[in-house]
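Asker:
There are 2 protein chains.
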Amino acid sequence: MIDSPIQDISAYMQELGRRARAAARELARAGTAAKNHALHAIAGRLDQQRAAIIEANQRDLAAGSAQGLDAALLDRLELTQVRIDAMIEGVQQVAALPDPVGAITDLNYRPSGIQVGRMRVPLGVIGIIYESRPNVTADAAALCIKSGNAVILRGGSESFASNQAIARCIQAGLMSAKLPEDGVQTVATTDRAAVGIMVAMPEWIDLIIPRGGKGLIERISREARVPVLKHLDGICHVYIDEYADLEKAFAIALNAKTQRYGTCNTMETLLVDVAVAQAILPRLAAAYREKGVELRGCPRTRAILPEIIPATDADWDTEYLAPILSIRVVDGLDAAIEHIARHGSAHTDAIVTEDYGRARRFLREVDSSSVMVNASTRFADGFEYGLGAEIGISTDKLHARGPVGLEGLTSQKFIVLGNGDVRV
Amino acid sequence: MIDSPIQDISAYMQELGRRARAAARELARAGTAAKNHALHAIAGRLDQQRAAIIEANQRDLAAGSAQGLDAALLDRLELTQVRIDAMIEGVQQVAALPDPVGAITDLNYRPSGIQVGRMRVPLGVIGIIYESRPNVTADAAALCIKSGNAVILRGGSESFASNQAIARCIQAGLMSAKLPEDGVQTVATTDRAAVGIMVAMPEWIDLIIPRGGKGLIERISREARVPVLKHLDGICHVYIDEYADLEKAFAIALNAKTQRYGTCNTMETLLVDVAVAQAILPRLAAAYREKGVELRGCPRTRAILPEIIPATDADWDTEYLAPILSIRVVDGLDAAIEHIARHGSAHTDAIVTEDYGRARRFLREVDSSSVMVNASTRFADGFEYGLGAEIGISTDKLHARGPVGLEGLTSQKFIVLGNGDVRV
Numbered sequence: 002m003i004d005s006p007i008q009d010i011s012a013y014m015q016e017l018g019r020r021a022r023a024a025a026r027e028l029a030r031a032g033t034a035a036k037n038h039a040l041h042a043i044a045g046r047l048d049q050q051r052a053a054i055i056e057a058n059q060r061d062l063a064a065g066s067a068q069g070l071d072a073a074l075l076d077r078l079e080l081t082q083v084r085i086d087a088m089i090e091g092v093q094q095v096a097a098l099p100d101p102v103g104a105i106t107d108l109n110y111r112p113s114g115i116q117v118g119r120m121r122v123p124l125g126v127i128g129i130i131y132e133s134r135p136n137v138t139a140d141a142a143a144l145c146i147k148s149g150n151a152v153i154l155r156g157g158s159e160s161f162a163s164n165q166a167i168a169r170c171i172q173a174g175l176m177s178a179k180l181p182e183d184g185v186q187t188v189a190t191t192d193r194a195a196v197g198i199m200v201a202m203p204e205w206i207d208l209i210i211p212r213g214g215k216g217l218i219e220r221i222s223r224e225a226r227v228p229v230l231k232h233l234d235g236i237c238h239v240y241i242d243e244y245a246d247l248e249k250a251f252a253i254a255l256n257a258k259t260q261r262y263g264t265c266n267t268m269e270t271l272l273v274d275v276a277v278a279q280a281i282l283p284r285l286a287a288a289y290r291e292k293g294v295e296l297r298g299c300p301r302t303r304a305i306l307p308e309i310i311p312a313t314d315a316d317w318d319t320e321y322l323a324p325i326l327s328i329r330v331v332d333g334l335d336a337a338i339e340h341i342a343r344h345g346s347a348h349t350d351a352i353v354t355e356d357y358g359r360a361r362r363f364l365r366e367v368d369s370s371s372v373m374v375n376a377s378t379r380f381a382d383g384f385e386y387g388l389g390a391e392i393g394i395s396t397d398k399l400h401a402r403g404p405v406g407l408e409g410l411t412s413q414k415f416i417v418l419g420n421g422d423v424r425v
Numbered sequence: 002m003i004d005s006p007i008q009d010i011s012a013y014m015q016e017l018g019r020r021a022r023a024a025a026r027e028l029a030r031a032g033t034a035a036k037n038h039a040l041h042a043i044a045g046r047l048d049q050q051r052a053a054i055i056e057a058n059q060r061d062l063a064a065g066s067a068q069g070l071d072a073a074l075l076d077r078l079e080l081t082q083v084r085i086d087a088m089i090e091g092v093q094q095v096a097a098l099p100d101p102v103g104a105i106t107d108l109n110y111r112p113s114g115i116q117v118g119r120m121r122v123p124l125g126v127i128g129i130i131y132e133s134r135p136n137v138t139a140d141a142a143a144l145c146i147k148s149g150n151a152v153i154l155r156g157g158s159e160s161f162a163s164n165q166a167i168a169r170c171i172q173a174g175l176m177s178a179k180l181p182e183d184g185v186q187t188v189a190t191t192d193r194a195a196v197g198i199m200v201a202m203p204e205w206i207d208l209i210i211p212r213g214g215k216g217l218i219e220r221i222s223r224e225a226r227v228p229v230l231k232h233l234d235g236i237c238h239v240y241i242d243e244y245a246d247l248e249k250a251f252a253i254a255l256n257a258k259t260q261r262y263g264t265c266n267t268m269e270t271l272l273v274d275v276a277v278a279q280a281i282l283p284r285l286a287a288a289y290r291e292k293g294v295e296l297r298g299c300p301r302t303r304a305i306l307p308e309i310i311p312a313t314d315a316d317w318d319t320e321y322l323a324p325i326l327s328i329r330v331v332d333g334l335d336a337a338i339e340h341i342a343r344h345g346s347a348h349t350d351a352i353v354t355e356d357y358g359r360a361r362r363f364l365r366e367v368d369s370s371s372v373m374v375n376a377s378t379r380f381a382d383g384f385e386y387g388l389g390a391e392i393g394i395s396t397d398k399l400h401a402r403g404p405v406g407l408e409g410l411t412s413q414k415f416i417v418l419g420n421g422d423v424r425v
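Protein chains in written order, with the numbering used here: chain A, 2 to 425; chain B, 2 to 425.
1. May I have the straight-line CA-CA distance separating E56 (chain A) from H348 (chain B), to the nearest angstrom?
2. What are the residues of the stretch 367-378 of chain A that lie near chain B, defined by any Cβ-Cβ distance shorter than 7 angstroms?
3. Looking only at its own chain, which residues have a Cβ that is under 8 angstroms from the Cβ of A376 (chain A), when we skip the five neighbours before and after it?
4. So what's D350 (chain B) in DSSP terms, helix, strand or just coil?
5. Count the other C-beta atoms from every protein chain shown that fall within 10 angstroms of the C-beta of P123 (chain B), then say buried if there are 16 or more, exposed otherwise.
6. Just to confirm the assignment: which complete alpha helix (DSSP H) runs, minimum length 4, are found wholly within the stretch 183-213 of chain B?
7. Under 8 angstroms, do A337 (chain A) and V331 (chain A) count as touching if we go by C-beta distance?
8. How should G69 (chain B) be labelled, buried or exposed, when 16 other C-beta atoms within 10 angstroms of its C-beta is the threshold for buried?
9. For V405 (chain A) versus E391 (chain A), is the C-beta spacing smaller than 8 angstroms?
10. Is the CB of G387 (chain A) under 8 angstroms away from at least one CB in chain B?
11. Please report whether the beta-carbon of L74 (chain B) lies at a distance below 8 angstroms from any beta-carbon of chain A.
12. Runs of 4 residues minimum, wholly inside the stretch 202-266 of chain A: which ones carry the alpha helix (DSSP H) assignment?
13. Which residue from A:G345, A:R424, A:E339 puts its Cα closest to that of A426 (chain B)?
14. CB-CB under 8 angstroms to D335 (chain A), same chain, minus the five flanking residues each way: which ones, in chain order?
15. So is Q279 (chain A) in contact with chain B if we call contact Cβ pairs under 8 angstroms?
16. Just to confirm the assignment, what range does the beta strand (DSSP E) spanning Q413 (chain A) have?
17. Pull out every residue of the stretch 96-117 of chain A whose Cβ sits closer than 8 angstroms to any Cβ of chain B, in chain order.
18. Give the straight-line distance between the Cα atoms of I298 (chain B) and S177 (chain B), rounded to the nearest whole angstrom.
19. Since I believe L80 (chain B) is in contact with I54 (chain B) (beta carbons under 8 angstroms), could you give me their beta-carbon distance rounded to a whole number of angstroms?
20. Use the C-beta contact count for A31 (chain B): other C-beta atoms within 10 angstroms, 16 or more gives buried, fewer gives exposed.
21. Would a check of beta-carbon distances place Y13 (chain B) closer than 8 angstroms to chain A?
22. What does the alpha-carbon distance come out to for the pair E228 (chain A) and R223 (chain B)?
23. Can you confirm whether the stretch 313-320 of chain B touches the stretch 202-210 of chain B when touching is taken to mean that 3 or more C-beta pairs between the two stretches lie within less than 8 angstroms?
24. Comparing the CB of M120 (chain A) with every heavy atom of the ligand NAD, is any distance shorter than 7 angstroms?
25. State whether the stretch 290-310 of chain B contacts the stretch 359-376 of chain B, with contact taken as three or more CB pairs (one from each stretch) at a distance under 8 angstroms.
26. Candidates A:H238, A:K231, A:N164, A:V239: which alpha carbon is nearest Q59 (chain A)'s?
27. For a contact meaning CB atoms closer than 7 angstroms, what does H400 (chain B) contact in chain A?
28. In angstroms with no decimal places, state the Cα-to-Cα distance between A39 (chain A) and I89 (chain A).
29. Output, in chain order, the set of chain A residues within a Cβ distance shorter than 8 angstroms of N256 (chain B).
30. Taking C-beta pairs closer than 7 angstroms, name the residues in chain B that V434 (chain A) reaches, listed in chain order.
31. 8 angstroms is my cut-off, CB to CB: does Q94 (chain B) come that close to chain D?
32. May I have a chain-ordered list of the alpha helix (DSSP H) segments no shorter than 4 residues that lie completely inside the stretch 43-120 of chain A?
33. Closer than 8 angstroms between beta carbons: that is the criterion. Which residues of the stretch 399-419 of chain A meet it against chain B?
34. Measuring only the C-alpha atoms, how far is A225 (chain B) from G197 (chain B)?
35. Would you tell me roughly how many angstroms separate the C-alpha atoms of G65 (chain B) and E132 (chain B), rounded to the nearest one?
36. Listed in chain order, which residues of the stretch 204-232 of chain B have Cβ atoms closer than 8 angstroms to some Cβ of chain A?
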């Protein structure tokens, strides 16, 4: 790890902010062609510089090993040729997305004679604070460029060299499109004080997006003087209703838990209506057991599945991110909605039912960023939703909720077209 | 002024928050008919209780006079029969607006087979902190009820009795529609500590909307641990371009300054292209003089209008809210955009031009919540924009920008409809 010889961190961060603000004005005006040119140039440069990127990554990996980072962290940190391919493809996909900036909607004449509409505009300067995965450097930069925002990237100290190598490709790409190099800046120090300063510069940064573990996000939310697009827990539920098609219920409950264990849209608690518990639980339990999923149940679940361990109160509030599932038998839709309201994290919750009225009520009454009928919670994802790519999943309600793509990096201003109109 | 005998302000505020959260869940589910019923019942009750409201208001006015409040403040505080009429009409207008809650948009099939769309949902609990004008109690409550949110209202101590009298009508209206009375609560103490506690209860309040002077808003922004929908300065500009129709320019520049002086969408600085300054300024200056507007000019303005006083650097950054106007002669569109970027408050700015390309550039490049072509800045208003009513004007970029109506009090969640779909 390289620690740059930056003496005055505060002055350094202010300078990054000042440069970002200036670049943001240029990027906001940049045309679609120039932004796409930059993205394709970045993709080309990443391809060309594979050797340098991998060499930098090897240095990070060696330092990480020497520091005793665990295997999961080292895996997330590693850049293979396949991962560089994915990174390049990601940047190209963002280039292929429609440009959200400048889109005018709802332009209508008003009784006064003026036309009033909305124009989509960049937010300005985004600050992204992330851990380990160096591909975020390219993904986040691409989304910010396309949405006309400047960005300051602060990656983890463990991926410092990798991030710098990727950032050099990005800046070369911006320059080749005659866009401001300061549109994408990385914090060139691993000093942790930089984060505290970064989240407290509302004059230079319009939105902070933390990507990482709960500890990071909680620290940033606590210290921030800038709005934060937060993603906290993903305690997702599937509720199997009395009127569920049990084949669909089986497939969804299995997929939502076992398709991947470590993702925020993985089901952590299965709710089963008492009317179908006996019919579905033994078959599901066998399938989970085969996948190696540990089951924890409420007393009524254990009456059907006596071999599983009891769930404690803490289980209902836990995001396992692991092959563990808590199961609760509930008395109908209201009890399921109540459980989700009390224990859920407002991330993603699904009902399995063939009953129209219950599906309709679940959709309306469950207050989560994604609410689903007869689909696996694992679909809660920017790519699956057609956003093209996501910068994160917001569990906040303001500004953006759920997977956040290009649109979440923009805002809308009002535009008014008149012909000399005055107010009477 | 009544100061309630509340001993433990913190416990009291927590209890308000807890009740609001419970009511918010009920209000989020409430149907359009029930919400409209409540609003009509509130309007009826306000009409019925005119005498009690005016009596309470007289007590506030007497206490205010005794405390030496200035005439402008006492005027804002006063409730006349005409103002009560307007308040009642405002509530009825909100009842007539379409219900935003539950609206589903962009529901499309994805290649995976699922349908993905968005459903508009309430934010939850809104906290509104306001000064003097008691009509805000009814306006804000109506908008929150219609948008399915619970609200905690904290009015100024000078309007305490008036606000309580209005709040009683609102709660009676909610109850007659079988909606939770706690959907609209007022803080029943004038203790200033209540504000500090209120803005730091993210577990109970989802959004704080301050309505009042700059001092209030700055204090709240500083102390808040809850997102704040801010409205800071309105330093609005009109730029008269070289290719302006001078008749339109005259009408707009006069209206934007003189139609009302104390509003945030009033023009504070007039920018005039050097090419038309000689042609328009003498005529405009005469019209302003007739209205009693004090003019302050840059050196080039004073070369044309030698009788006016010089503008200092501070003038370009001042929201006068008074019959004062600063005038600057600029070298074309770029200089105008640069002046607005440097000195404006991103509230509302207008260009007067017949040139298509310049209008197009101004709309795109000026980063304000409202950007106008050939229209008076005074149009920047929720009613004029067709939002029906506004809870405030946001000069923030996140979540809502410009006049905020019902939609700004809501968010969108993703909904996913499947048929047993699982992710592969």
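We put the CB at the ideal spot given by N, CA and C, even for glycine.
A quick note: this is a predicted structure, and the numbers were derived from the prediction, not measured.
Answerer: Let's see:
1. Here residue 56 (chain A) is taken as the residue at index 55 of the first sequence, counted from 1. Here residue 348 (chain B) is taken as the residue at index 347 of the second sequence, counted from 1. When rounded, the separation of the alpha-carbon atoms in E56 (chain A) and H348 (chain B) is 49 angstroms.
2. The residues in question are D368, S369, S370, S371, V372, M373, V374, N375, A376, S377.
3. Residue mapping note: residue 376 (chain A) aligns to position 375 of the first sequence, counting from 1. Excluding residues within five positions, the ones whose Cβ falls inside 8 angstroms are I253, A351.
4. Here residue 350 (chain B) refers to the residue found at position 349 of the second sequence. Strand at D350 (chain B).
5. Counting from one through the second sequence, the residue named residue 123 (chain B) turns up at place 122. Flag for P123 (chain B) reads buried.
6. DSSP runs (the alpha helix (DSSP H)) wholly in the stretch 183-213 of chain B: 194-199.
7. Reading the first sequence from its first residue, position 336 is the one you call residue 337 (chain A). Reading the first sequence from its first residue, position 330 is the one you call residue 331 (chain A). Cβ distance < 8 angstroms, so A337 (chain A) and V331 (chain A) count as in contact.
8. Stepping through the second sequence from its first residue, residue 69 (chain B) is reached at position 68. Flag for G69 (chain B) reads exposed.
9. Mapped onto the first sequence, residue 405 (chain A) falls at position 404. Mapped onto the first sequence, residue 391 (chain A) falls at position 390. Taking 8 angstroms as the cut-off, the beta carbon of V405 (chain A) is found closer than this to the beta carbon of E391 (chain A).
10. Mapped onto the first sequence, residue 387 (chain A) falls at position 386. By this cut-off, G387 (chain A) is an interface position.
11. Working through the second sequence from its first residue, we reach residue 74 (chain B) at position 73. Nearest CB-CB separation between L74 (chain B) and chain A: not below the 8 angstroms threshold.
12. If we require 4 residues or more, the alpha helix (DSSP H) runs fully inside the stretch 202-266 of chain A come out as 215-224, 247-259.
13. What is shown of chain B runs 2 to 425, which leaves residue 426 (chain B) out entirely.
14. On the first sequence, position 334 is the one that residue 335 (chain A) refers to. None.
15. Numbered from 1 along the first sequence, position 278 holds the residue referred to as residue 279 (chain A). No, Q279 (chain A) does not count as interfacial toward chain B.
16. For the purposes of this step, residue 413 (chain A) is taken as the residue at position 412 of the first sequence. Counting along the chain, the beta strand (DSSP E) containing Q413 (chain A) begins and ends at 411-422.
17. If the cut-off is 8 angstroms between Cβ atoms, the stretch 96-117 of chain A has G103, N109, R111, S113, I115, V117 near chain B.
18. Working through the second sequence from its first residue, we reach residue 298 (chain B) at position 297. Working through the second sequence from its first residue, we reach residue 177 (chain B) at position 176. Going by the sequence as given, residue 298 (chain B) is Gly instead of Ile. One C-alpha to the other measures close to 59 angstroms.
19. Position 53 of the second sequence, counting from 1, holds the residue named residue 54 (chain B). Position 79 of the second sequence, counting from 1, holds the residue named residue 80 (chain B). Rounded, the Cβ-Cβ distance is 6 angstroms, consistent with contact.
20. Mapped onto the second sequence, residue 31 (chain B) falls at position 30. It is buried - the Cβ of A31 (chain B) has at least 16 other Cβ atoms within 10 Å.
21. Residue 13 (chain B) sits at position 12 when you count from the first residue of the second sequence. With 8 angstroms as the cut-off, Y13 (chain B) does not count as an interface residue toward chain A.
22. Residue numbering aside, residue 228 (chain A) sits at position 227 when the first sequence is read from its first letter. Residue numbering aside, residue 223 (chain B) sits at position 222 when the second sequence is read from its first letter. A small fix is needed here, since residue 228 (chain A) is Pro in this sequence, not Glu. Using only the alpha carbons, I get a separation of about 13 angstroms.
23. As far as the Cβ criterion goes, the stretch 202-210 of chain B does not touch the stretch 313-320 of chain B, which means the pair count is below three.
24. This structure does not include the ligand NAD; it has no bound ligands of any sort.
25. Fewer than three beta-carbon pairs drawn from the stretch 290-310 of chain B and the stretch 359-376 of chain B are found closer than 8 angstroms, and the two stretches are therefore not classed as touching.
26. Translated into the one-based positions of the first sequence, residue 59 (chain A) becomes position 58. Looking at A:H238, A:K231, A:N164, A:V239, the one whose alpha-carbon comes closest to that of Q59 (chain A) is A:N164.
27. Looking up residue 400 (chain B) in the second sequence gives position 399. For H400 (chain B), the chain A residues whose C-beta falls within less than 7 angstroms of its own C-beta are L399, H400, listed in chain order.
28. Your numbering for residue 39 (chain A) matches position 38 in the first sequence. Your numbering for residue 89 (chain A) matches position 88 in the first sequence. Taking the straight line from one Cα to the other gives about 13 angstroms.
29. As a first step, residue 256 (chain B) must be located in the second sequence, where it is residue number 255. Within 8 angstroms of the CB of N256 (chain B), the CB atoms of chain A belong to V423, R424, in sequence order along the chain.
30. Absent from the structure is residue 434 (chain A), since the part of chain A shown begins at 2 and ends at 425.
31. The structure shown has no chain D; the protein chains it does contain are A and B.
32. Counting only runs of 4 or more, we get 51-67, 72-78, 82-97.
33. Here the close residues are L399, H400, R402, G403, P404, S412, Q413, K414, F415, I416, V417, L418, G419.
34. If you number the second sequence from 1, residue 225 (chain B) lands on position 224. If you number the second sequence from 1, residue 197 (chain B) lands on position 196. Rounded to whole angstroms, A225 (chain B) to G197 (chain B) spans 8 angstroms at the Cα level.
35. Within the second sequence, numbered from 1, the residue matching residue 65 (chain B) stands at position 64. Within the second sequence, numbered from 1, the residue matching residue 132 (chain B) stands at position 131. Annotation: G65 (chain B) to E132 (chain B) spans about 13 angstroms, alpha carbon to alpha carbon.
36. Of all residues in the stretch 204-232 of chain B, D207, L208, P228 have a Cβ within less than 8 angstroms of some Cβ in chain A.
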